[in-house]
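Undergrad:
In full-length UniProt numbering, the protein residues as written are 1 to 368.
1. Quick check for students: name the residue ranges of the beta strand (DSSP E) that lie wholly in the region 128–192, counting only runs of 3 or more.
2. Can you check which of these residues, 277, 198 and 223, is closest to residue 238 by C-alpha distance?
3. At the level of alpha carbons, what is the spacing between residue 186 and residue 143?
4. Between the region 216–229 and the region 169–181, do at least 3 Cβ pairs fall closer than 8 Å?
5. Would you give the residue range spanned by the beta strand (DSSP E) that residue 344 belongs to?
6. Do you know offhand how far residue 323's Cα is from residue 208's?
7. Taking all protein chains shown into account, do 16 or more other C-beta atoms lie within 10 angstroms of the C-beta of residue 81, making it buried, or fewer, making it exposed?
8. What is the DSSP secondary structure of residue 203, reduced to helix, strand or coil?
9. What does the alpha-carbon distance come out to for the pair residue 311 and residue 243?
10. Just to confirm, does residue 343 get its C-beta within under 7 Å of one of the non-hydrogen atoms of the ligand GTP?
11. Which class does residue 456 belong to by DSSP, given the choice of helix, strand or coil?
12. Determine, using beta carbons only, whether residue 231 and residue 241 come nearer to each other than 8 Å.
13. In whole angstroms, what separates the C-alpha of residue 220 from that of residue 206?
14. Which of the three DSSP states, helix, strand or coil, is assigned to residue 233?
15. Can you name the start and end residues of the alpha helix (DSSP H) that residue 274 belongs to?
16. Between 130, 188 and 79, which lies nearest to residue 236 when the distance is taken from Cα to Cα?
17. Considering just the uninterrupted stretch of the beta strand (DSSP E) at residue 240, what are its terminal residues?
18. Mark residue 164 as exposed unless 16 or more other C-beta atoms lie within 10 angstroms of its C-beta, in which case mark it buried.
19. So for residue 210, helix, strand or coil by DSSP?
20. If you draw a straight line from the C-alpha of residue 284 to the C-alpha of residue 195, how long is it?
21. By DSSP, does residue 321 sit in helix, in strand, or in coil?
22. Among 193, 183, 151 and 218, which residue has its Cα nearest to the Cα of residue 169?
23. Contact defined as beta carbons within less than 8 Å: I believe residue 76 pairs with residue 147. What is the distance between those atoms, to the nearest angstrom?
24. Return the first residue and the last residue of the beta strand (DSSP E) that residue 79 is part of.
25. Just the C-alpha distance for residue 172 and residue 271, rounded to the nearest angstrom, thanks.
26. Quick check on DSSP: helix, strand or coil for residue 263?
27. Given residue 162, which residues of its chain have a CB within under 6 Å of its CB, disregarding the five upstream and five downstream residues?
28. From residue 316 to residue 246, what does the alpha carbon distance come to, in whole angstroms?
29. Output yes or no for whether 8 Å exceeds the beta carbon distance between residue 175 and residue 153.
30. Quick one: what's residue 314 bridged to in DSSP?
31. Return helix, strand or coil for residue 309, following the three-state DSSP convention.
32. Under a three-way DSSP split, which group does residue 282 fall into?
33. Does residue 303 come out as helix, strand or coil in the three-state DSSP assignment?
34. Alpha carbon to alpha carbon, how far is residue 30 from residue 126?
35. Indicate the three-state DSSP secondary structure (helix, strand or coil) for residue 257 in the structure shown.
36. Round the Cβ separation of residue 149 and residue 223 to the nearest angstrom and send it over; I've been treating them as touching at under 8 Å.
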């Protein structure tokens with residue numbers, strides 16, 4: 001089962017010397033389905049793009065310090081991919097200081113109303129299309145991007161035998177090569193300027209593979225290996241790279257992924273595997289999302305962007321720290337694989353009970 005994220009807007013923000021309240025305005029271009037607008041206020045001005053492909057958000061923030069306060073520092077340009085929903089949208093809204101619940105560029109246009117003409121510009125970008133990426137960057141003055149936030153992605157879950165190679169290749173093209181294409185375009189200028197920050201929304205599955213997420217985990221392992229290798233060179237040029245590693249995040253992305261999984265055809269695998277996936281994995285996944293899932297706002301990508309010394313890795317959910325520790329505690333991998341096997345196939349009832357207890361604690365606020 002394969003799910004491709006829909007159209008993604010982008011925002012570019014640049015700011016004045018003071019920090020008034022942000023506001024958004026939006027309008028539609030006549031050609032195609034692209035839309036244009038700009039966001040300004042509170043030290044920020046933003047251009048948002050969205051179209052048929054996977055898009056991005058460019059944001060420029062002005063001010064004296066990392067947070068954009070004061071007036072000494074020149075504006076910063078932030079390019080964010082994957083902003084039609086979820087983590088990217090939450091970050092875009094946060095940067096724009098607009099609390100509207102917007103999940104598409106069209107909805108964003110409607111929410112912005114008459115304010116768009118002055119503050120918001122929406123265009124098309126597809127991370128799987130080099131020409132689209134170049135056109136996007138060419139439209140930015142001087143192709144100057146201070147911060148790239150790579151967030152566009154697709155998901156896949158299910159028995160391996162039920163996944164087509166074409167779907168696997170498409171996922172890798174978006175999740176991994178989409179990032180590579182973007183970095184290839186922005187890194188040379190960052191190196192020339194001796195400054196920049198590349199923020200990559202990875203996943204806890206870039207550290208630890210999870211059963212029935214074989215191809216998605218592989219794409220995130222590729223992302224993490226790429227960044228681990230590149231960061232050493234990048235630091236020589238004063239370019240920071242940060243991996244943001246969420247656990248389960250409750251977004252439209254995940255909802256559609258699991259809805260499609262429940263309806264999918266598993267006739268290409270054996271009955272036992274199909275039963276494990278539908279009656280064990282999907283059931284436990286719902287409990288995990290209900291108990292441990294974060295909202296897009298909980299990911300706090302803005303903290304990584306604004307950090308004076310950006311971390312290379314930022315895990316957003318402390319509940320998954322033991323999992324990472326378990327993997328690194330035993331280089332042979334036996335400890336990790338044995339623990340996961342028992343958790344999935346022997347103690348799944350204990351797992352579900354523990355997750356429900358965690359949810360009860362969170363709902364009643366017993367730990368507050």
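Built from N, CA and C at the ideal position, the CB exists for glycine as well.
TA: A quick look at the data gives this:
1. 147–150
2. Nearest option by C-alpha distance: 198.
3. 8 Å
4. yes
5. Unbroken run through residue 344 is the alpha helix (DSSP H), 334–345; no beta strand (DSSP E).
6. Answer to the nearest angstrom: the Cα atoms are 8 Å apart.
7. buried
8. coil
9. Taking the straight line from one Cα to the other gives about 8 Å.
10. With respect to the ligand GTP, the structure shown offers nothing to examine, as it has no ligands at all.
11. Outside the shown range of the chain, which is 1 to 368, sits residue 456, and nothing can be said about it.
12. yes
13. 4 Å
14. Residue 233 falls in the helix class under three-state DSSP.
15. 271–276
16. 188
17. 239–245
18. Exposed, by the Cβ-count rule.
19. The three-state reading of DSSP puts residue 210 in coil, since its state is none of H, G, I, E or B.
20. 44 Å
21. Looking at residue 321 - three-state DSSP - the assignment turns out to be helix.
22. Taking only the C-alpha atoms, the option nearest residue 169 is 218.
23. Going by Cβ atoms, the distance from residue 76 to residue 147 rounds to 6 Å, so yes, they are a contact pair.
24. DSSP places residue 79 inside the beta strand (DSSP E), whose first and last residues are 76–81.
25. 28 Å
26. Of the three classes helix, strand and coil, the one that applies to residue 263 here is helix, per DSSP.
27. 266, 268 and 269
28. 5 Å
29. yes
30. 244
31. coil
32. Note: residue 282 maps to helix in three-state DSSP.
33. helix
34. The predicted model places residue 30 with a pLDDT of 26, which falls under 50 and marks its position as unreliable; any figure quoted below should be read in that light. Their Cα atoms are separated by approximately 20 Å.
35. helix
36. Rounded, the Cβ-Cβ distance is 14 Å, inconsistent with contact.
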